[in-house]
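Student:
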Amino acid sequence: MAENEKGGDPHSVGEVLDRLKELGEQAGAEKAKLGDMLEALGQRAYGPFFIIFPLIDISPVGGIPGLPTAMAVVMILLAVQLILGRKHLWLPGFLANRGLKGEKLVKVADKTRPIAKRMDKWFHGRLPALTKGPMVKVAGVAVVLLCLTVPPLELLPFASTAPMAAIMAFGIALLVRDGLLMIVACALSVGAVALGAGLFVSKSG
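In this note's numbering, the protein residues as written are 6 to 210.
1. Got a sec, what are the start and stop residues for the alpha helix (DSSP H) residue 180 sits in?
2. Tell me, please, which residues DSSP counts as bridged to residue 105.
3. Going by beta-carbon coordinates alone, are residue 197 and residue 178 separated by less than 7 Å?
4. Would residue 38 and residue 88 qualify as a contact pair, given that the criterion is a beta-carbon distance under 7 Å?
5. How is residue 63 classed by DSSP in three states: helix, strand or coil?
6. Comparing the C-beta of residue 182 with each C-beta of chain D, is any distance below 7 Å?
7. Run the CB neighbour count on residue 35, radius 10 Å, all protein chains shown included, and call it buried at 16 or more, exposed below.
8. So residue 15 and residue 47 are supposed to be a Cβ contact under 8 Å. How far apart are they, rounded?
9. Just to confirm the assignment, what range does the alpha helix (DSSP H) spanning residue 23 have?
10. Less than 8 Å between the CB atoms is what I'm expecting for residue 60 and residue 128, so what's the real figure, rounded?
11. If you scan the region 61-148 from start to end, which runs of the alpha helix (DSSP H) of 4 or more residues do you find wholly inside it?
12. With 16 as the cutoff for other CB atoms within 10 Å, does residue 113 come out buried or exposed?
13. Are the region 121-136 and the region 152-167 touching by the rule of at least three beta carbon pairs closer than 8 Å?
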């Protein structure tokens, strides 16, 4: 796909939401496809996708049955590409053609705007060296493991929020090159997996 017309990848959570909302407004009642999102956000934009999907999960739209699991599948595919060091994101046709109605994306952007403003205020380029090299692969592996907890946790109300929050922390760290947040995201991952496992075991028992 061609580079998005705004020129390059977004550099803040607010800018990610701006592009998401614009895409949603263009689609309207029609479906905004993942392939269109990829073009709007930039083909190297791993961070934005690891931010958008968790934001969708915590928004009212995230209550659609099966949606968290579907987003987890897409994020696993993207995380594997991150681990392998691919410079450009790729989605198979059957995923690139899936998506949400544009009006739902607009709703997500509007509902999560206050969160985005706080994120852009709090997180910035601290210890940027920790967002490069081996740490990028660590982030990719962590995202895969976190995504694997989502399908069983989707059966429990709000349980998938824990792994999604950790994934979003990795996404922001990669987006704004915040190494300190990368460390926090690693810690959150351990806690999220443990919490998710505990919730699932307690409900199953």
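Every residue gets a Cβ at the ideal spot worked out from N, C-alpha and C, and that includes glycine. Computed from a predicted structure; not experimentally measured.
Tutor: Looking at the atomic coordinates:
1. Note, residue 180: alpha helix (DSSP H), 166-181.
2. BP columns for residue 105 point to 37.
3. With contacts defined by Cβ atoms closer than 7 Å, residue 197 and residue 178 do not form a contacting pair.
4. No. Outside cutoff.
5. Helix at residue 63.
6. Included in the structure is just one protein chain, with no chain D present.
7. Residue 35 should be labelled exposed.
8. Confirmed, about 7 Å.
9. For residue 23, the uninterrupted alpha helix (DSSP H) run begins and ends at 18-32, by DSSP.
10. About 14 Å; that fails the 8 Å criterion.
11. 72-89, 98-101 and 107-127, all fully within the region 61-148.
12. Label assigned to residue 113: buried.
13. Flag = no, the region 121-136 and the region 152-167 do not touch.
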